[in-house]
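Asks: Here you go, one structure.
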Amino acid sequence: MSRLEIDREFLSPPEGVQRTVRVWLPDAYDSNSARRFPVLYLHDGQNLFAHPDSALPQTWEVDVAMQGLIDEGLDPWIVVAIDHRGVHRLSDYSPWDSPAEGVQGLGPRYAAFLTDHLKPQMDRSLRTRPEPQWTAVGGSSLGGLISLHLGLTRPDVFGRVAALSPSVMWADRRLFAEWTTHVPLRIYLDAGAREQIVREGRTYDYGGSTRAFSEHLRKLGYGSKNLKAVFERGGAHSEVDWRRRLPGALRWLLARR
Numbered sequence: 094m095s096r097l098e099i100d101r102e103f104l105s106p107p108e109g110v111q112r113t114v115r116v117w118l119p120d121a122y123d124s125n126s127a128r129r130f131p132v133l134y135l136h137d138g139q140n141l142f143a144h145p146d147s148a149l150p151q152t153w154e155v156d157v158a159m160q161g162l163i164d165e166g167l168d169p170w171i172v173v174a175i176d177h178r179g180v181h182r183l184s185d186y187s188p189w190d191s192p193a194e195g196v197q198g199l200g201p202r203y204a205a206f207l208t209d210h211l212k213p214q215m216d217r218s219l220r221t222r223p224e225p226q227w228t229a230v231g232g233s234s235l236g237g238l239i240s241l242h243l244g245l246t247r248p249d250v251f252g253r254v255a256a257l258s259p260s261v262m263w264a265d266r267r268l269f270a271e272w273t274t275h276v277p278l279r280i281y282l283d284a285g286a287r288e289q290i291v292r293e294g295r296t297y298d299y300g301g302s303t304r305a306f307s308e309h310l311r312k313l314g315y316g317s318k319n320l321k322a323v324f325e326r327g328g329a330h331s332e333v334d335w336r337r338r339l340p341g342a343l344r345w346l347l348a349r350r
């Protein structure tokens, strides 16, 4: 059977903290000891699995989605999920300082943890396929933003990116300004067609901003083979919405090229 392993003391040297890392292994991992597996890295790990240890009653149910896709014929993937750090979440997932939000950008430290410490350890301890074409990263909201930033800055590590309701408007749309060339990636974007949230008097237009970013990428040469953008009528900014869209996202993103 598939299984979830949780390490609550995984050291992150760039950040000087210990993080909780959750690893979901598909059934085939134990049943076929000669096989190697691609890996999907996800943020906000405590909100992802249908498991008693999850932080919320409504989660993404990533394990349920993955098993359903495997039953459909998708190649099995390992899922590595990293918990956020509560009050530090905005800073950890922000690639840059954002004075308007009063957030210090600690995203580069978190990115260094993923690329230089977590992934190498997973590749040493698990039977992975370490190449970028077999390594995906994903998340929602600011987790979607840091995923896109990881794809932009480290395509040598991550070849596939899933960004659900990504905060691409963050820091005065800095991501638009930095993404100026066609980086070889497979990218999935989505949002509610009119999805918005209001935080401390500021309105964040996820639907409009994500649509604008998808158009920005298309102008850089991304086509239907390497970019998919979904805008869901009535979609909102919550785990329930991301859980509903997740199977479609993974079905496209993780399919064999």
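The sequence shown begins at 94 in the numbering used here and counts up by one. Beta carbons: idealized from backbone N, C-alpha and C, even for Gly.
What are the complete alpha helix (DSSP H) segments, minimum 4 residues, inside the stretch 191-252?
Replies: Counting only runs of 4 or more, we get 200-206, 212-218, 235-246.
Asks: Since Gly237 and Leu268 are thought to touch, with beta carbons under 8 Å apart, how far apart are those beta carbons, to the nearest angstrom?
Replies: Indexing the sequence shown from 1 puts residue 237 at position 144. Indexing the sequence shown from 1 puts residue 268 at position 175. That pair is no contact at about 10 Å.
Asks: I need the straight-line Cα distance from Gln289 to Arg337, nearest angstrom please.
Replies: For the purposes of this step, residue 289 is identified with residue 196 of the sequence shown, where counting begins at 1. For the purposes of this step, residue 337 is identified with residue 244 of the sequence shown, where counting begins at 1. Their Cα atoms are separated by approximately 18 Å.
Asks: By a C-beta neighbour count over all protein chains shown, 10 Å radius and 16 as the cutoff for buried, is Ala158 buried or exposed?
Replies: For the purposes of this step, residue 158 is identified with residue 65 of the sequence shown, where counting begins at 1. Result: buried.
Asks: Within its chain, find whatever has a CB closer than 7 Å to the CB of Arg96; leave out the 5 residues flanking it on each side and keep chain order.
Replies: Position 3 of the sequence shown, counted from the start, is the residue given in the question as residue 96. For Arg96, where only same-chain residues beyond five positions count, the Cβ hits under 7 Å are Leu118.
Asks: Do the stretch 213-221 and the stretch 240-248 meet, that is, are 3 or more Cβ pairs less than 8 Å apart?
Replies: No: fewer than three Cβ pairs fall under 8 Å.
Asks: If contact is defined by three or more beta carbon pairs under 8 Å, each pair taking one atom from either stretch, is the stretch 113-132 in contact with the stretch 186-198?
Replies: The stretch 186-198, when compared against the stretch 113-132, does not touch it at the 8 Å Cβ threshold.
Asks: Given Leu310, which residues of its chain have a CB within under 6 Å of its CB, disregarding the five upstream and five downstream residues?
Replies: Translated into the one-based positions of the sequence shown, residue 310 becomes position 217. Excluding sequence neighbours, Leu310 sits near Leu320.
Asks: Closer than 7 Å by C-beta to Asp52: which residues in its own chain qualify, once you throw out the five before and the five after it? Chain order, please.
Replies: No statement about residue 52 is possible, as the shown extent of the chain runs from 94 to 350 and does not include it.
Asks: Look at Arg279 and Gly252 and say whether their C-beta atoms are less than 8 Å apart.
Replies: Start at 1 with the first residue of the sequence shown, and residue 279 comes out as number 186. Start at 1 with the first residue of the sequence shown, and residue 252 comes out as number 159. Yes, these two residues count as a Cβ contact at 8 Å.
Asks: In its own chain, which residues sit with a C-beta less than 6 Å from the C-beta of Ser260, not counting the 5 before and 5 after it?
Replies: The sequence position of residue 260 within the sequence shown is 167, counting from 1. Cβ neighbours of Ser260 beyond the five flanking positions: Ser234, Leu235, Leu238.
Asks: Taking only the alpha-carbon atoms, compute the straight-line gap between Val114 and Val172 and give it to the nearest angstrom.
Replies: Reading the sequence shown from its first residue, position 21 is the one you call residue 114. Reading the sequence shown from its first residue, position 79 is the one you call residue 172. Taking the straight line from one Cα to the other gives about 10 Å.
Asks: Going by C-alpha to C-alpha distance, which of Trp170, Trp153, Ala193 sits closest to Gly294?
Replies: Position 201 of the sequence shown, counted from the start, is the residue given in the question as residue 294. Of the candidates Trp170, Trp153, Ala193, the one whose C-alpha sits nearest the C-alpha of Gly294 is Ala193.
Asks: Keeping to the same chain, check which residues put their C-beta closer than 7 Å to that of Pro106; ignore five residues upstream and five downstream.
Replies: Position 13 of the sequence shown, counting from 1, holds the residue named residue 106. Closer than 7 Å at the Cβ level, and outside the excluded window around Pro106, lie His210.
Asks: How far does the alpha helix (DSSP H) with Gly316 in it extend, from its first residue to its last?
Replies: Taking the first residue of the sequence shown as 1, we reach residue 316 at position 223. Gly316 -> no alpha helix (DSSP H), and no H or E assigned at all.
Asks: For a test of the three-state rule: what should DSSP assign to Trp170, helix, strand or coil?
Replies: Along the sequence shown, one-based indexing puts residue 170 at 77. Here Trp170 sits in coil by DSSP.
Asks: So, Leu339 versus Val155, is the Cβ gap smaller than 8 Å?
Replies: For the purposes of this step, residue 339 is taken as the residue at position 246 of the sequence shown. For the purposes of this step, residue 155 is taken as the residue at position 62 of the sequence shown. Yes, the pair counts as a contact, with Cβ atoms nearer than the cut-off.
Asks: If I measure Cβ to Cβ from Leu347 and keep anything under 8 Å in the same chain, skipping five residues before and after, which residues do I get?
Replies: Locating residue 347 in the sequence shown gives position 254, counting from the first residue. Taken in chain order, the residues that qualify are Pro131, Leu133, Leu162, Leu167, Asp168, Trp170, Ala229, Arg253.
Asks: Per DSSP, which residues does Ala284 bridge with? Please list them.
Replies: Stepping through the sequence shown from its first residue, residue 284 is reached at position 191. DSSP lists Phe324 as partners of Ala284.
Asks: What's the call for His177, buried or exposed, on a 16-neighbour Cβ count within 10 Å?
Replies: Locating residue 177 in the sequence shown gives position 84, where the first residue counts as 1. With 16 or more other Cβ atoms within 10 Å, it is buried.
Asks: So, is Glu102 buried or exposed, given that buried needs 16 or more other C-beta atoms within 10 angstroms?
Replies: If you number the sequence shown from 1, residue 102 lands on position 9. That one is exposed.
Asks: In three-state DSSP terms, what is Trp272?
Replies: Position 179 of the sequence shown, counting from 1, holds the residue named residue 272. Looking at Trp272 - three-state DSSP - the assignment turns out to be coil, as it is neither helix nor strand.
Asks: So, Gln226 versus Arg350, is the Cβ gap smaller than 8 Å?
Replies: Residue 226 sits at position 133 when you count from the first residue of the sequence shown. Residue 350 sits at position 257 when you count from the first residue of the sequence shown. Yes. Within cutoff.
Asks: Which word fits Asp137, buried or exposed, when buried means at least 16 other C-beta atoms lie within 10 angstroms of its C-beta?
Replies: Along the sequence shown, one-based indexing puts residue 137 at 44. By the neighbour-count rule (16 or more Cβ atoms within 10 Å), Asp137 is buried.
Asks: Would you kindly check if the distance between the Cβ of Glu108 and the Cβ of Phe206 is under 8 Å?
Replies: Indexing the sequence shown from 1 puts residue 206 at position 113. Indexing the sequence shown from 1 puts residue 108 at position 15. Result yes, Cβ atoms of Phe206 and Glu108 sit closer than 8 Å.
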